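What follows is a single structure, written as structure tokens, with notes after it.
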Amino acid sequence: MDPDRWHRIERVYHSALAVEESRRSAFLEDTCGHDQSLRREVESLLSADSDASAFLEVPALDVLAKDLARQSDSADGNFQDDLQLIGNTVSHYRVLEKLGGGGMGVVYKAEDLKLGRFVALKFLPRELAHHPEAVAQLRREARAASALNHPHICTVHDIDEYEGHPFIVMELLQGDTLKQRIAAKPLKPELVLSFATQILDALEAAHGKGIIHRDIKPANIFVTSRGDVKVLDFGLAKVAPSNLDAALSANTAETRAFVGTLPYMAPEQLRGERADERTDIHTFGAVLFEMSTGQRAFPQRSSAQLGKEILHNLPPRPRTISRTIPVQLEQIILKCLEKNADQRFQSASELGAELDELTKESKSDAHPRVGIASAIMVLLAVAVLVALKLGWFDRADHAPLAQAATRQITSNPMDDPVVKAAISPDGKYVVYTDLQGLHLRNVDSGETHSLQVPEDLCFR
Amino acid sequence: MPTTDHEISNLLKAWSAGDEHALEKLTPLVYAELHRAAHRYMTGERSEHTLQTTALINELYLRLVDFQQVDWQNRAHFFGICAQLMRRILVDFARARSSQKRAGDIPILPLDQELVGSGEPQPDLVALDDALKSLAAVDERKSRVVELRFFAGLNVQETAEVLRVSCETVMRDWKLAKAWLFRELSQESRNGS
Numbered sequence: 004m005d006p007d008r009w010h011r012i013e014r015v016y017h018s019a020l021a022v023e024e025s026r027r028s029a030f031l032e033d034t035c036g037h038d039q040s041l042r043r044e045v046e047s048l049l050s051a052d053s054d055a056s057a058f059l060e061v062p063a064l065d066v067l068a069k070d071l072a073r074q075s076d077s078a079d080g081n082f083q084d085d086l087q088l089i090g091n092t093v094s095h096y097r098v099l100e101k102l103g104g105g106g107m108g109v110v111y112k113a114e115d116l117k118l119g120r121f122v123a124l125k126f127l128p129r130e131l132a133h134h135p136e137a138v139a140q141l142r143r144e145a146r147a148a149s150a151l152n153h154p155h156i157c158t159v160h161d162i163d164e165y166e167g168h169p170f171i172v173m174e175l176l177q178g179d180t181l182k183q184r185i186a187a188k189p190l191k192p193e194l195v196l197s198f199a200t201q202i203l204d205a206l207e208a209a210h211g212k213g214i215i216h217r218d219i220k221p222a223n224i225f226v227t228s229r230g231d232v233k234v235l236d237f238g239l240a241k242v243a244p245s246n247l248d249a250a251l252s253a254n255t256a257e258t259r260a261f262v263g264t265l266p267y268m269a270p271e272q273l274r275g276e277r278a279d280e281r282t283d284i285h286t287f288g289a290v291l292f293e294m295s296t297g298q299r300a301f302p303q304r305s306s307a308q309l310g311k312e313i314l315h316n317l318p319p320r321p322r323t324i325s326r327t328i329p330v331q332l333e334q335i336i337l338k339c340l341e342k343n344a345d346q347r348f349q350s351a352s353e354l355g356a357e358l359d360e361l362t363k364e365s366k367s368d369a370h371p372r373v374g375i376a377s378a379i380m381v382l383l384a385v386a387v388l389v390a391l392k393l394g395w396f397d398r399a400d401h402a403p404l405a406q407a408a409t410r411q412i413t414s415n416p417m418d419d420p421v422v423k424a425a426i427s428p429d430g431k432y433v434v435y436t437d438l439q440g441l442h443l444r445n446v447d448s449g450e451t452h453s454l455q456v457p458e459d460l461c462f463r
Numbered sequence: 053m054p055t056t057d058h059e060i061s062n063l064l065k066a067w068s069a070g071d072e073h074a075l076e077k078l079t080p081l082v083y084a085e086l087h088r089a090a091h092r093y094m095t096g097e098r099s100e101h102t103l104q105t106t107a108l109i110n111e112l113y114l115r116l117v118d119f120q121q122v123d124w125q126n127r128a129h130f131f132g133i134c135a136q137l138m139r140r141i142l143v144d145f146a147r148a149r150s151s152q153k154r155a156g157d158i159p160i161l162p163l164d165q166e167l168v169g170s171g172e173p174q175p176d177l178v179a180l181d182d183a184l185k186s187l188a189a190v191d192e193r194k195s196r197v198v199e200l201r202f203f204a205g206l207n208v209q210e211t212a213e214v215l216r217v218s219c220e221t222v223m224r225d226w227k228l229a230k231a232w233l234f235r236e237l238s239q240e241s242r243n244g245s
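One line per chain: the protein sequences are A and B, in this order. Residues in the first sequence are numbered consecutively from 4, following this note's numbering. Residues in the second sequence are numbered consecutively from 53, following this note's numbering.
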């Protein structure tokens with residue numbers, strides 16, 4: 004089209020848009036005069052304009068993503084059987100059902116016809132099945148995981164091919180991912196410690212073979228129905244070249260763009276620097292944070308903001324989210340999340356030792372450590388014993404004595420420590436004083452009545 | 053061995069200089085993002101996340117420009133190349149899918165029916181790509197506005213920055229381009245069916 008003509012159309016079109024709709028016809032009549040083709044052109048654009056308000060307003064990537072999602076939803080409300088495998092026999096595996104599908108893999112449940120056991124088969128999504136990079140990644144995952152025979156790493160049995168589609172044969176796991184387990188709620192402290200220890204165990208084994216996972220996140224950690232943790236998805240793992248064909252590691256792992264998952268990435272991953280054991284320590288720390296608080300260490304906003312936050316800002320202190328998190332656990336989490344890798348734990352075993360220590364402490368009621376936080380517990384235990392000795396609980400005709408038990412019924416914050424405490428003769432109340440005043444608490448219900456210290460009085 | 057960032061940066065440059073092989077290496081990035089987004093829609097997580105199309109480009113930008121001294125000297129140039137890249141990859145993806153649809157796997161809805169059927173029009177990206185080429189022949193800048201807004205997910209201000217024009221111009225271009233393309237696609241879908 005002649006550019007002058009086009010500019011004329013454009014001008015008339017915008018002018019017409021500025022005119023109230025009821026007066027547009029008259030406006031075009033005036034403006035276009037005898038040029039009927041100009042008028043028709045502008046009118047058809049104006050009519051399209053009124054229908055096009057939502058057109059192209061959803062970005063292309065989202066349009067396609069929704070399309071993909073719809074297609075997957077439409078298949079029995081479940082994931083679509085991309086490769087039409089269900090019911091077929093692939094190598095010597097009979098495919099039974101689809102278990103799930105993510106960005107880089109589609110997982111099916113299958114029966115191993117030779118060994119008569121159930122397994123999981125992981126294929127690439129159809130679009131990536133012939134993509135050299137994606138295929139290399141799948142192979143890398145198989146190799147990395149099969150190099151690791153470990154109870155807390157999902158076992159890879161084999162890698163095979165079906166009509167040109169490579170797939171991994173893995174142990175079939177039953178349970179949920181850690182992501183599903185957390186579901187925005189903090190886990191119980193003993194679970195946090197148990198899961199954390201098992202994940203670390205797996206990482207220690209991987210690191211021992213020179214394998215860096217690089218994508219530790221709740222969705223990649225599986226908790227079986229028996230409570231065993233399995234680390235999945237070594238698809239992004241970096242394998243020391245000596246452990247693998249140099250060619251494989253040279254043309255894939257290092258050239259991949261985003262290695263990792265943004266909200267869990269370590270600063271050095273974002274900067275595109277070398278990942279080492281301490282990178283996994285950081286991502287592990289982000290998982291530990293999430294297990295303990297039910298929240299992400301770096302809440303997701305736009306990815307650009309998120310990236311800046313990971314690079315420059317400290318995460319919130321976990322205890323500001325939940326006071327029940329032990330101080331030592333908070334310190335461990337924050338040390339894992341240090342920006343500078345030199346300031347983190349330097350190895351999974353070093354971190355593991357700290358966690359073991361914490362686990363031991365939380366289990367050993369017999370030997371409470373005498374610190375400010377446990378002072379009140381000791382005090383109460385003593386009080387209970389004294390009460391027993393004095394026979395306050397001992398009514399002559401109720402022979403068996405109540406068992407003495409240690410039970411923490413107050414917290415004892417540093418900035419407002421409990422000064423004195425006593426238990427009532429019937430064992431139902433504890434009374435204690437702190438800087439705020441005198442408090443009488445019902446041991447069973449936790450109901451507390453407080454007598455505040457008058458403002459102008461200070462006692463210690 | 054080159055670092056990851058240099059590698060991407062080189063791939064982008066190679067691609068913009070016409071090296072089709074570079075595209076192959078960049079494609080999985082976009083596909084992975086696409087599947088992640090689809091997965092979020094499927095699991096209903098989408099509403100909680102504010103990840104936009106630009107996320108991918110922002111991530112790249114963040115790493116290549118902010119923290120590395122790579123000679124992507126300005127944002128504008130970078131976004132421009134990324135938008136072309138996204139267009140190429142997404143249209144190829146849509147083309148592959150529509151050939152699957154034609155093979156009978158997936159029912160295909162003509163544009164009009166989708167427009168009537170749902171509140172959100174879902175343009176056929178392949179037809180849109182062709183229409184954009186026709187638009188570029190008439191008015192190059194308007195086709196770039198669409199490329200930047202629709203394929204790269206840039207906002208008006210960012211688009212204005214890339215094209216070195218005012219926000220007002222972008223808005224006017226966007227409005228006319230949308231009307232023009234909408235008309236083009238409606239005609240095509242009428243003629244085609």
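Ideal Cβ placement from N, Cα and C applies to all residues, glycine included. Predicted model only: the values in this text are computed from it and were never measured.
Checklist entry - Looking only at C-alpha atoms, which of A:302, A:329, A:327, A:152 sits nearest to residue 317 of chain A? => result A:302
Next on the checklist: If you reduce the DSSP assignment to three classes, tell me which class residue 464 of chain A lands in.
Outcome noted: Residue 464 of chain A falls outside the range modelled here, since chain A spans only 4 to 463, and no answer is possible.
Next on the checklist: So with CB distances below 8 Å, who are the chain A contacts of residue 190 of chain B?
Outcome noted: Near residue 190 of chain B (Cβ distances below 8 Å), the residues of chain A are 4, 9.
Next on the checklist: Nearest by alpha-carbon distance to residue 311 of chain A: which of A:273, A:347, A:200 is it?
Outcome noted: Of A:273, A:347, A:200, the residue nearest in Cα terms is A:273.
Item to check | Rounded straight-line distance, which links the Cα of residue 137 of chain B to that of residue 134 of chain A | outcome: 17 Å
Item to check | For residue 55 of chain B, the three-state DSSP class (helix, strand or coil) | outcome: Note that residue 55 of chain B scores a pLDDT of 37, beneath 50, so its modelled location is shaky; the value from the coordinates is reported in the next line. If DSSP states are grouped into helix, strand and coil, residue 55 of chain B belongs with coil.
Item to check | Proximity below 8 Å, CB of residue 117 of chain A to CB of residue 100 of chain A | outcome: no
Item to check | Partner residues on chain B for residue 271 of chain A, Cβ-Cβ distance less than 8 Å | outcome: Within chain B, no residue comes near residue 271 of chain A; the closest Cβ sits about 11 Å away, beyond 8 Å.
Checklist entry - At a CB-CB cut-off below 7 Å, which residues of chain B make contact with residue 54 of chain A? => result 234
Item to check | Status (buried if at least 16 other CB within 10 Å, exposed otherwise) for residue 73 of chain B | outcome: With a threshold of 16 other beta carbon atoms within 10 Å, residue 73 of chain B falls short and is exposed.
Checklist entry - Between the stretch 20-30 of chain A and the stretch 195-208 of chain B, are three or more C-beta pairs nearer than 8 Å? => result no
Checklist entry - So what's residue 211 of chain A in DSSP terms, helix, strand or just coil? => result DSSP places residue 211 of chain A in the helix class (H, G or I) of the three-state scheme.
Checklist entry - What distance in whole Å lies between the Cβ atoms of residue 183 of chain B and residue 237 of chain B, which are believed to be in contact at a cut-off of 8 Å? => result Yes, residue 237 of chain B and residue 183 of chain B are in contact; Cβ-Cβ is about 6 Å, under 8 Å.
Next on the checklist: Taking 8 Å as the threshold (C-beta atoms), are residue 432 of chain A and residue 443 of chain A in contact?
Outcome noted: Yes. Within cutoff.
Item to check | Test: residue 177 of chain B CB closer than 8 Å to a CB of chain A | outcome: yes
Checklist entry - Can you find a CB in chain A that lies within less than 8 Å of the CB of residue 74 of chain B? => result no
Checklist entry - What residues in its chain sit with their C-beta under 6 Å from that of residue 102 of chain A, if we drop five residues either side in the sequence? => result 110, 112
Item to check | Chain-ordered chain B contacts of residue 58 of chain A [CB-CB under 9 Å] | outcome: 167, 173, 175, 230, 231, 233, 234, 237
Item to check | Proximity below 8 Å, CB of residue 291 of chain A to CB of residue 336 of chain A | outcome: Yes.
Checklist entry - Does residue 240 of chain B have its Cβ less than 8 Å from a Cβ in chain A? => result Not an interface residue.
Next on the checklist: Can you check whether the C-beta of residue 198 of chain B is within less than 8 Å of a C-beta belonging to chain A?
Outcome noted: yes
Item to check | Amino acids of chain B, ordered along the chain, whose beta-carbon sits closer than 7 Å to that of residue 47 of chain A | outcome: Near residue 47 of chain A (Cβ distances below 7 Å), the residues of chain B are 235.
Next on the checklist: Spatial neighbours of residue 352 of chain A within its chain, please: C-beta separation below 7 Å, excluding the five flanking residues on both sides.
Outcome noted: So the list reads 207, once near-sequence residues are dropped.
Next on the checklist: So residue 27 of chain A and residue 49 of chain A are supposed to be a Cβ contact under 8 Å. How far apart are they, rounded?
Outcome noted: 7 Å
Next on the checklist: Taking CB distances under 8 Å as the criterion, tell me whether residue 117 of chain B reaches chain A.
Outcome noted: For residue 117 of chain B, the predicted model reports a pLDDT of 46, less than 50, meaning its position is unreliable and no value from the coordinates is stated.
Checklist entry - residue 223 of chain B touches chain A at which residues, Cβ-Cβ below 9 Å? => result Those do not exist, as residue 223 of chain B stays about 10 Å from chain A at its closest Cβ, beyond 9 Å.
Checklist entry - From the beta carbon of residue 169 of chain A, is the nearest beta carbon of chain B less than 8 Å away? => result no
Next on the checklist: Let me make sure I understand the geometry here. Which of A:284, A:363, A:68 has the alpha-carbon closest to that of residue 203 of chain B?
Outcome noted: A:68
Item to check | Cα-Cα separation, residue 160 of chain A to residue 144 of chain A | outcome: 12 Å
Item to check | Neighbour flag for residue 64 of chain B against chain A, beta carbons, 8 Å | outcome: no
Checklist entry - From residue 377 of chain A to residue 437 of chain A, what distance separates their C-alpha atoms? => result Note on residue 377 of chain A: pLDDT 49, under 50, position unreliable in the model; no value is reported.
Checklist entry - Does residue 79 of chain B come within less than 8 Å of chain A when only Cβ atoms are used? => result With its beta carbon less than 8 Å from one in chain A, residue 79 of chain B belongs to the interface.
Checklist entry - When the Cα atoms are used, what is the spatial distance from residue 190 of chain B to residue 139 of chain B? => result 19 Å
Next on the checklist: Per the DSSP calculation, residue 296 of chain A is bridged to which residue(s)?
Outcome noted: Looking at the DSSP assignment, residue 296 of chain A forms no beta bridge with any residue, so it has no partner.
Next on the checklist: 8 Å is my cut-off, CB to CB: does residue 51 of chain A come that close to chain B?
Outcome noted: yes
Checklist entry - According to DSSP, is residue 454 of chain A helix, strand or coil? => result strand
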